[in-house]
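Below is one structure, written out as structure tokens; comments come after it.
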Amino acid sequence: MPKSNIRVRFAPSPTGALHVGSVRTALFNWLFARHNQGVFILRLEDTDVARSSQEFTRQIIDSLNWLGLDTDEGPYFQSQRLELYRQAVSQLLISGRAYKCFCTPEELDAQRQRLRAEGKAFIYSGKCRSLSPEQIKDLEQKGIKSAVRLKVDPDEMITFEDIVFGTIQMTAGKFGDFIIQRSDGLPTYNLAVVVDDHAMGITHVIRGDDHLSNTPKQILVYRALGYEIPQFAHLPLILGPDRTRLSKRHGATSVLELKDQGFLPEAIVNFLALLGWAPDETTQIMSRSELIRRFSLKQVSRSAAVFDITKLLWMNGYYMRNLPQQEIINRAIEFFATSGYDIARCDRTWLEGIIRLEIERSKNFAEMLEHLRFFLDEEVRYEQSAVDKHLKKENVDLRLRKVAETLSALEDFTQPALEKALRGLAENLGVKFGHIVHPLRVAITGRTASPGIFDVLHFLGKERTLKRIQFARQFLIKSDDSNAEMTP
RNA sequence: GGCGGUAUGGUCUAGCCCGGUUAGGACGCCGGCCUCUCACGCCGGUAGCAGGGGUUCAAAUCCCCUUACCGCUACCA
248 MPKSNIRVRF APSPTGALHV GSVRTALFNW LFARHNQGVF ILRLEDTDVA
298 RSSQEFTRQI IDSLNWLGLD TDEGPYFQSQ RLELYRQAVS QLLISGRAYK
348 CFCTPEELDA QRQRLRAEGK AFIYSGKCRS LSPEQIKDLE QKGIKSAVRL
398 KVDPDEMITF EDIVFGTIQM TAGKFGDFII QRSDGLPTYN LAVVVDDHAM
448 GITHVIRGDD HLSNTPKQIL VYRALGYEIP QFAHLPLILG PDRTRLSKRH
498 GATSVLELKD QGFLPEAIVN FLALLGWAPD ETTQIMSRSE LIRRFSLKQV
548 SRSAAVFDIT KLLWMNGYYM RNLPQQEIIN RAIEFFATSG YDIARCDRTW
598 LEGIIRLEIE RSKNFAEMLE HLRFFLDEEV RYEQSAVDKH LKKENVDLRL
648 RKVAETLSAL EDFTQPALEK ALRGLAENLG VKFGHIVHPL RVAITGRTAS
698 PGIFDVLHFL GKERTLKRIQ FARQFLIKSD DSNAEMTP
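Using this note's numbering, read the first sequence as starting at 248 and increasing by one per residue.
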């Protein structure tokens, strides 16, 4: 049960995947609610029928659940609350605070263009404001549809205290009589948002800074309806690396995409919390409860932030290494299972073993899977640069042969036994240990980087190891034909 | 164009309200240590107050102007 009367909402429109900017807004609402032991509500603003879809609604809910941003109420759908908006509009019509407008979009468009050409701002002329009841009746009988506009006193001053941006002031004359109900009977955003926030008892409206300029209009609606005005807190926008508004072309910016790349919700939440907010001058890593405990809207920054995936990558790596290991292992397995690998037939202990090797070497599960491919695949893919660097060198074939001999004679394929055997071999051959390890690594993994060689050998197993060394040697002989640099 | 907003390294930011710090932290990058490679970890380094005027003994901090960027300017949200 909530211990305060604070109520906030996250109100996305289901017209696209939930991207990190929206998630940050959801997160700040959620943190504020939890910090104050208030109520967090989800409301889908789906009055734009043409662009809204159930699929996106589903995605939004899934994303919030996955991130652990649990809601206390909702989801509410504006499309199911149309009667409420109609009532509000009719109240305004009756009280004379609003009027029907029969101007056509074409007509208005023409006006807009004319004014724009003169370098003036478009403000509705107020043409339909003075229509007599008879005229209105007449127009309606002709079947002409009307929109509804709010009657705005051009001299009215609107001032409000934004928790983040401070005092904002504007005069109503800057925007004129604006539409609150479209001719199809659906409310516009500025009406619906006010009616809903009031009906839901929202005390703090926390939303993107792109709504800052709309707020004065909404305040006018609050006043006209006689509603109490809530507190506002606008959040700075999140931009792509090119400093434009985040969008698809900036790569993975939706939560689901991040999930598909194997990012952890803990890391995403922590990272996003720090985009536009900082509790002090040094803290970076904060648990969910610490975030809740320390969060404050008053510390939110006013300037737009660039979404920098490299820092998220770092933070995700940090969480990979510091969350309970078994937890990470379980999630990795879950991730692998959805990535096309038939891991069900892998031995569970073995699978956990190889994952453990990569936990501190991977920044997300996608990278982990990439690093683990040589364990999972039967065939090794040899990276050209790795081959050039460690395989096409003098005496490599000889060394690989010696390694194969040594390993095949080995009964015990555990790490300590492998280490003893291989270090012994290096000593016998009178070469540095690295001269054995590097070619061997490339031979069995196809790459220059891998977990410790003894771990790799152990988990790959004797049979597969020897097979791969054999393969690498044949591979060497073949490439030796084409360029005669190799000495046997 | 009009209106609103923002401006600390490449990026996220602390400091600004209540002027005096070698302008702090993190990511990245560079170098070193560790070492079988990579990663981790540790150590060190790089780089910033958008520009210009004031006010003041003293300005990232207060005031003004300029510039840049963002948002709104829909019968979208």
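No residue lacks a Cβ here, since even glycine has one placed at the ideal position from N, Cα and C.
Residue i in three-state terms, based on DSSP
i: Val684; result: helix
i: Val255; result: strand
i: Ser729; result: Note that Ser729 scores a pLDDT of 41, beneath 50, so its modelled location is shaky; the value from the coordinates is reported in the next line. In this structure, Ser729 counts as helix in the three-state DSSP scheme.
i: Gly699; result: coil
i: Thr712; result: helix
i: Gly473; result: coil
i: Leu289; result: strand
i: Arg533; result: The displayed chain sequence assigns Met, not Arg, to residue 533. Coil, per DSSP.
i: Gln508; result: coil
i: Gly671; result: helix
i: Ala525; result: coil
i: Ile485; result: strand
i: Ser494; result: coil
i: Ile691; result: helix
i: Ser501; result: strand
i: Val468; result: helix
Bounding residues of the alpha helix (DSSP H) (the contiguous stretch that carries residue i)
i: Lys558; result: 556-569
i: Glu803; result: Nothing about residue 803 can be reported from this structure: the residues present for the chain run from 248 to 735 only.
i: Phe369; result: From DSSP, Phe369 is part of no alpha helix (DSSP H); its letter is neither H nor E.
i: His445; result: 436-446
i: Lys384; result: 380-388
i: Tyr346; result: Not the alpha helix (DSSP H): Tyr346 falls in the beta strand (DSSP E), residues 345-348.
i: Phe303; result: 301-314
i: Ile601; result: 595-605
i: Ile415; result: Not the alpha helix (DSSP H): Ile415 falls in the beta strand (DSSP E), residues 413-418.
i: Val650; result: 643-655
i: Val452; result: Segment 451-455 is the beta strand (DSSP E) holding Val452; no alpha helix (DSSP H) there.
i: Pro352; result: 352-364
i: Glu330; result: 329-341
Rounded separation between residue i and residue j - CA only
i: Gln717; j: Ala651; result: 8 Å
i: Leu672; j: Val270; result: 56 Å
i: Arg720; j: Pro259; result: 59 Å
i: Ala419; j: Ile410; result: 22 Å
i: Ser543; j: Arg568; result: 29 Å
i: Tyr474; j: Gly413; result: 22 Å
i: Ser550; j: Ile391; result: 46 Å
i: Pro261; j: Ile307; result: 7 Å
i: Pro463; j: His481; result: 13 Å
i: Ala364; j: Phe422; result: 18 Å
i: Ile476; j: Ser377; result: 29 Å
i: Gln388; j: Arg396; result: 20 Å
i: Cys375; j: Leu340; result: 13 Å
i: Ala525; j: Leu538; result: 10 Å
i: His282; j: Thr272; result: 15 Å
i: Arg620; j: Asp317; result: 36 Å
i: Cys348; j: Asp356; result: 14 Å
i: Val267; j: Ile575; result: 23 Å
i: Ile383; j: Asp457; result: 36 Å
i: Trp313; j: Pro512; result: 7 Å
i: Thr406; j: Ile415; result: 6 Å
i: Leu467; j: His497; result: 37 Å
i: Ser494; j: Leu265; result: 11 Å
i: Gln572; j: Glu581; result: 14 Å
i: Ser655; j: Glu710; result: 9 Å
Continuous beta strand (DSSP E) stretch holding residue i: start and end
i: Asp409; result: 404-409
i: Gly321; result: 320-324
i: Thr627; result: One detail in the question is off: residue 627 reads as Val in this sequence, not Thr. Premise fails: Val627 is in no beta strand (DSSP E) and is neither H nor E.
i: His266; result: Counting along the chain, His266 falls outside any beta strand (DSSP E), and DSSP gives it neither H nor E.
i: Leu397; result: 394-397
i: Val678; result: No beta strand (DSSP E) holds Val678; DSSP gives it neither H nor E.
i: Gln428; result: 426-428
At least 3 beta-carbon pairs within less than 8 Å: the region 618-626 vs the region 678-687: no
Cβ pair count under 8 Å reaching 3, the region 533-544 against the region 295-305: no
Three CB pairs or more closer than 8 Å across the region 331-338 and the region 351-367: no
At least 3 beta-carbon pairs within less than 8 Å: the region 442-452 vs the region 370-378: no
Segment contact flag, the region 550-561 with the region 476-488, C-beta cutoff 8 Å, min 3 pairs: yes
The region 579-598 / the region 609-617 touching (three or more Cβ pairs under 8 Å): Yes, the region 579-598 is in contact with the region 609-617.
Validate contact between the region 443-463 and the region 500-517 using beta carbons, cut 8 Å, 3 pairs: Segments in contact, no.
Three or more C-beta pairs below 8 Å linking the region 288-297 and the region 424-439: With a cut-off of 8 Å on Cβ pairs, the region 288-297 is in contact with the region 424-439, counting three or more such pairs.
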